[in-house]
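J.:
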Amino acid sequence: MPHKTAPSFPQYGGCQCGALRYQLSRPPLAIWACHCNQCRKQSGGAFGMSASVAVETLHFIAGAPAIWPRQTDAGHFTDCLFCARCGTRIAHRRREHGGRMALKPGTLDDTSWVVPERHVFTDTALDWVTPLIPIEPAP
Ligand SMILES: [Zn+2]
Ligand SMILES: [Zn+2]
Numbered sequence: 059m060p061h062k063t064a065p066s067f068p069q070y071g072g073c074q075c076g077a078l079r080y081q082l083s084r085p086p087l088a089i090w091a092c093h094c095n096q097c098r099k100q101s102g103g104a105f106g107m108s109a110s111v112a113v114e115t116l117h118f119i120a121g122a123p124a125i126w127p128r129q130t131d132a133g134h135f136t137d138c139l140f141c142a143r144c145g146t147r148i149a150h151r152r153r154e155h156g157g158r159m160a161l162k163p164g165t166l167d168d169t170s171w172v173v174p175e176r177h178v179f180t181d182t183a184l185d186w187v188t189p190l191i192p193i194e195p196a197p
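Okay, so the sequence shown: first residue is 59 according to the numbering used here, each after it adds one.
#1: In the DSSP assignment, the beta strand (DSSP E) including Ser108 goes from what residue to what residue?
#2: Leaving out the 5 sequence neighbours to the left and right, which residues in its chain are closer than 6 angstroms to Phe135 when beta-carbon positions are compared?
#3: Figure out for me which residue from Pro189, Gly164, Val173, Ser170 has the closest Cα to the Cα of Gly102.
#4: Taking any heavy atom of ligand 2 as the mark, which residues have a C-beta closer than 6 angstroms to it, listed down the chain?
#5: Tell me whether Cys138 counts as near ligand 1, meaning its Cβ is closer than 7 angstroms to at least one heavy atom of that ligand.
#6: What's the gap between the Cα of Cys144 and the Cα of Pro195?
#7: From Pro65 to Ile125, what distance separates their C-alpha atoms?
#8: Any idea if Phe67 is buried or exposed, counting beta-carbon neighbours within 10 angstroms, 16 or more meaning buried?
#9: Sorry if obvious, but does the Cβ on Leu4 come closer than 7 angstroms to a heavy atom of ligand 1?
#10: With a cut-off of 8 angstroms on the beta carbons, I'd call Ala77 and Gly106 a contact; round off their distance for me.
#11: Roughly how many whole angstroms lie between the Cα atoms of Pro192 and Gly71?
#12: Span of the alpha helix (DSSP H) holding Arg98?
#13: At what residues does the beta strand (DSSP E) containing Gln129 begin and finish?
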């Protein structure tokens with residue numbers, strides 16, 4: 059499914075309590091939904107969503123994120139950026155991927171254009187979610 063284009067940039071977003079606000083100056087490079095157990099745990103929902111953005115296009119304009127460094131099963135370190143007051147996760151920044159970070163796109167003020175282009179870790183998707191996942195076209 060192709061993702062829609064946002065009405066205009068910059069777009070704005072923030073955490074649930076409003077202490078953290080950010081500006082996204084350019085469209086994401088990709089948007090995906092992840093059905094792994096870690097994304098489910100982190101989001102508290104059925105799956106997680108990520109928007110890959112260039113690091114220089116995401117600016118905090120109110121507050122500064124707290125950082126929880128998490129080591130993945132593969133041994134990589136991901137800095138998880140969140141609001142220290144309300145706990146909303148804003149982004150993940152893998153240390154060896156310096157140029158990009160994964161914005162949690164549900165934190166955007168306007169989410170009408172946020173459509174995942176692909177689904178990953180679908181083998182661990184919840185049963186009721188599976189019918190919603192588009193079948194990959196044959197290569
Ligand atoms: Zn907050
Ligand atoms: Zn995941």
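A virtual CB, placed ideally from N, CA and C, is assigned to each residue, including glycine.
A quick note: this is a predicted structure, and the numbers were derived from the prediction, not measured.
T.: Let me lay it out:
#1: 106-112
#2: Pro127, Gln129, Arg153
#3: Gly164
#4: Cys92, Cys94, Gln96, Cys97, Gly106, Phe179
#5: no
#6: 41 angstroms
#7: 31 angstroms
#8: exposed
#9: Absent from the structure is residue 4, since the part of the chain shown begins at 59 and ends at 197.
#10: That belief does not hold up - the Cβ atoms of Ala77 and Gly106 are roughly 22 angstroms apart, past 8 angstroms.
#11: 28 angstroms
#12: 95-101
#13: 124-129
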